[in-house]
Amino acid sequence: ILLPRADASSLSDYRPISLIHLIAKLFAKVLSLRLAPRLGELVSVNQSTFIAGRSVHDNFLLVQQTARVLHNIKAPCVLLKLDIA
1 ILLPRADASS
11 LSDYRPISLI
21 HLIAKLFAKV
31 LSLRLAPRLG
41 ELVSVNQSTF
51 IAGRSVHDNF
61 LLVQQTARVL
71 HNIKAPCVLL
81 KLDIA
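Numbering-wise (UniProt numbering), the sequence shown opens with residue 1 and increments by one.
Listed below in structure tokens is the structure:
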């Protein structure tokens, strides 16, 4: 698609734009709207972020409570956090 600049009188006054980005965004939006109702069933309970009804803070609280319990019972342990992208 060619968009005209202000007071366009020749072909060089037009600038091309691509709609591929728009098409990809529309596809992603349609896909996300169709998957959203079932996403809670498809994603592991360990995944909390970006799922309706879940919060990343739930995982932080779980780790904090686990560390507190292990400290109180003086259990020898190691807590390890892995962030695998």
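For each residue, glycine too, the CB sits at the ideal point set by N, CA and C.
- Gln47 and Ala36 have their C-alpha atoms roughly 15 Å apart.
- Secondary structure at Arg15: strand, using DSSP grouped into helix, strand and coil.
- Cβ neighbours of Ala8 within its own chain (closer than 7 Å, five residues either side excluded): Tyr14.
- As DSSP reads the structure, Leu2 sits in a beta bridge with Pro16.
- Taking 7 Å as the cut-off, the beta carbon of Thr49 is found closer than this to the beta carbon of Val56.
- When DSSP states are grouped into helix, strand and coil, Arg38 belongs to the helix group.
- Spanning the alpha carbons of Leu19 and Leu33 requires a straight line of approximately 21 Å.
- For Asp58, the secondary structure class from DSSP, reduced to helix, strand or coil, is helix.
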